[in-house]
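Enquirer:
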Amino acid sequence: MIVYAIIDCLKKCGSAVPAYAKIATSDTKIEEASNQKLSSPNKEEIAKPEIPVILSNSEAEYATIERFLSKMAREKPVRFSSAQLEEFTDNFATVLGSGGFGVVFKGVLPINGVHLAVKMLNNNWDKRVEEQFMAEVATLGRTYHINLVKLYGFCFDPSTKALVYEYMENGSLDKILFDESREIEWEKLHDIAVQTGKGIAYLHEGCERKIIHYDIKPGNVLLDKNLNPKVADFGLAKLCNSEGSQRTLMVDGRGTPGYAAPEMWKPYPVTHKCDVYSFGILLFEIVGRRRHFDEGLSESRQWLPKWAWEMYEHMELKVMLSLCGVEERNREKAERMLIVALWCIQNSPEERPSMSNVVQMLEGSKEVNPPPCPFDHRPSPGSMFSAARGGNDRESSDTYSSSKTSFGKIHSNHVQNTFEIELASE
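Numbering (UniProt numbering), first residue to last: 1 to 426.
(1) With residue 430 and Tyr152 assumed to form a contact (beta carbons below 8 Å), what rounded beta-carbon distance in angstroms separates them?
(2) Can you tell me whether Leu297 is buried or exposed, with buried defined as 16 or more other CB within 10 angstroms of its CB?
(3) Examine the Cβ distances between the stretch 183-195 and the stretch 130-144 and report whether three or more of them are shorter than 8 Å.
(4) DSSP beta-bridge partners for Cys155?
(5) Would you identify the three-state DSSP class for His204, choosing helix, strand or coil?
(6) Taking the straight line between their C-alpha atoms, what separation do you get for Ala232 and Leu148?
(7) Mind the definition here: the stretch 310-320 touches the stretch 158-172 only if three or more C-beta pairs lie below 8 Å; say whether that holds.
(8) Quick check on the DSSP output: the alpha helix (DSSP H) that includes Gly280 runs from which residue to which?
(9) Taking the alpha-carbon of Leu110 as reference, which of Asp90, Pro267 and Pro229 has the nearest alpha-carbon?
(10) Can at least three beta-carbon pairs, one atom from the stretch 349-357 and one from the stretch 196-212, be found at a separation below 8 Å?
(11) What residue range is occupied by the uninterrupted alpha helix (DSSP H) comprising Leu140?
(12) By DSSP, does Pro349 sit in helix, in strand, or in coil?
(13) Mind checking whether Phe284 and Ala260 have CB atoms under 8 Å apart?
(14) CB Ala162 to CB Lys119, shorter than 8 Å?
(15) For Phe92, which of helix, strand or coil comes out of DSSP?
(16) Can you tell me the Cα-Cα spacing of Phe80 and Ser322, whole angstroms?
(17) When you compare the CB positions of Gly258 and His292, do they come within less than 8 Å of one another, or not?
(18) Express the C-alpha separation of Gln195 and Gln346 in angstroms, rounding to a whole number.
(19) Just to confirm the assignment, what range does the alpha helix (DSSP H) spanning Ala117 have?
(20) Using the rule of at least 16 other Cβ atoms within 10 Å of the residue's Cβ for burial, across every protein chain shown, is Ala24 buried or exposed?
(21) With 16 as the cutoff for other CB atoms within 10 Å, does Ser181 come out buried or exposed?
(22) Less than 8 Å between the beta carbons of Gly102 and Asn122, yes or no?
(23) Roughly how many angstroms lie between the CA atoms of Trp343 and Pro374, to the nearest whole one?
(24) Below 6 Å CB to CB, which residues in the same chain sit around Glu205 once its five sequence neighbours on both sides are set aside?
(25) Hey, would you say Pro370 sits closer than 8 Å to Glu263, going by beta carbons?
(26) Using alpha carbons as the reference points, say which of His213, Met134 and Gly280 lies closest to Cys155.
(27) Compute the distance between the beta-carbons of Arg336 and Val368, then report whether it is under 8 Å.
(28) Return the CA-CA distance between Gln360 and Gln132, expressed in angstroms with no decimal places.
(29) Buried or exposed for Glu299, going by 16 or more other Cβ atoms inside 10 Å?
(30) Can you give me the C-alpha to C-alpha distance between Tyr214 and Ala83, rounded to a whole angstrom?
(31) Tell me which residues share the same chain as Lys217 and place their Cβ nearer than 6 Å to its Cβ, disregarding the 5 neighbours each side in the sequence.
(32) What's the C-alpha gap between Lys404 and Lys76?
(33) Might you give, ordered along the chain, the residues of its own chain that have their beta carbon closer than 6 Å to the beta carbon of Ala237, omitting 5 neighbours on each side?
(34) Our contact map puts Ile176 next to Leu223 with C-beta atoms below 8 Å; I'd like the distance itself, whole angstroms only.
(35) Check whether the Cβ atoms of His115 and Lys210 sit closer than 8 Å, and answer yes or no.
(36) Quick check on the burial criterion: 16 or more other C-beta atoms within 10 angstroms. Buried or exposed for Glu328?
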């Protein structure tokens, strides 16, 4: 089951494994052997048959999650009751937004006045929501970085399932980035890019084991009252199918077309470099203050990455920046950001830089070499976007944003029954 896969990952990460997890490891075998010697050094143990307890599937699943949450409660996130959530949210008075898994309400901790965002999960509790819930609690509760959204706690009652986050006053980045009426200084946009990169770099390089986000985009970058960014909504993203070292993705609900790296749509192994690709697309959008694909524009300018590459090839990036409204005094940093973005979206994952190098290049502390063409052997974006239209809607952020981007549901034939918290391959 998923929980045992999660526990096995926690064991590999050096985290304590709860007693209920009967996972065969060298440590447990040594401990069992030691206990046998201490308890009965001179006589044989008489094996007593265990009487099995028969539970229904729903009872067994609920009990499994309960044991998982009991373990997590001893870690960091706090377990709240449904009555406490009603108190925090003034009986769910203020809606912040809605997403694929439920509705987000504004709340306040009475004891200290800290503002909260309470994500109430939908009542139609299914396997997908269960996986997202446990992954968020297991991972957000164990990651600590100024550029990652903080999970204060959770609620898991028979009638109420919820996740309690820190409140981010300015919502998601896409609401500001693509709103022409919102004025924002270029220096702040550059800072948002750098700080977001640092948050992703922490996931890849600062944790005990690398963590892949899988869905980096403006809708999953939240902004506080000072427009400081925090990466959010990466609990579900760290769940994937696993069979040995080959990580074949269940693409249904994974990633977002246009932001997802090419390898995510193919039965190829996926590493943390898929996040680098997505971050590159985000950089293009920050510079252009527009969506990466806009069919309302002339064909040469519809897809931002292609337009940027063509302008770079012809040494006309400054012309592009002028058309994007970037002022002269900011064009050096903006040009560097575009070139870094071209490195990030290289078709081959091996050609993409690490996130720590991306941050250094954006900050100007590392030289940015001329990038090769990133589009070799890649299908045109138009075909992908054409196939994407007319499908199910997915919210730009399940945590706060209610703005939607429509795309088709991509199906995978590589469906298996085992899951794990995805840890990036070395």
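Just so it is clear, CB atoms sit at the ideal spot from N, CA and C, and this is done for glycine as well.
Please read these numbers as outputs of a predicted model, since none were measured by experiment.
Expert: Considering the structure as presented:
(1) Residue 430 lies beyond the range of the chain shown here (1 to 426); nothing can be said about it.
(2) exposed
(3) no
(4) Ala162
(5) Collapsing the DSSP output to three states places His204 in a helix.
(6) 6 Å
(7) no
(8) Lys273 to Gly288
(9) Looking at the sequence itself, residue 110 is Pro, so the reference to Leu does not match. The option with the nearest alpha carbon to Pro110 is Asp90.
(10) Because the criterion of three Cβ pairs below 8 Å is met, the stretch 349-357 and the stretch 196-212 touch.
(11) Lys127 to Leu140
(12) Helix at Pro349.
(13) no
(14) yes
(15) In the structure shown, Phe92 sits in coil (DSSP, three-state: anything other than H, G, I, E or B).
(16) 51 Å
(17) yes
(18) Their backbone Cα atoms lie some 22 Å apart in a straight line.
(19) Counting along the chain, Ala117 falls outside any alpha helix (DSSP H), though it belongs to the beta strand (DSSP E) covering His115 to Leu121.
(20) Its pLDDT being 41, under 50, Ala24 is placed unreliably in this model, and the value from its coordinates should be taken loosely. Result: exposed.
(21) exposed
(22) yes
(23) 7 Å
(24) Ser356
(25) No, the pair does not count as a contact, with Cβ atoms beyond the cut-off.
(26) Met134
(27) yes
(28) Pairing Gln360 with Gln132, the inter-Cα distance amounts to about 32 Å.
(29) exposed
(30) 34 Å
(31) Thr256 and Tyr259
(32) The pLDDT assigned to Lys404 is 35, lower than 50, so where the model puts this residue is not dependable, and the model offers no usable value.
(33) In this prediction, Ala237 scores a pLDDT of 47, lower than 50, which makes its location untrustworthy; no coordinate-derived value is stated.
(34) Here Ile176 really is in contact with Leu223; their C-beta atoms are around 7 Å apart, less than 8 Å.
(35) Their beta carbons are not under 8 Å apart, which means His115 does not touch Lys210 by this criterion.
(36) Exposed, since its Cβ has fewer than 16 Cβ neighbours within 10 Å.
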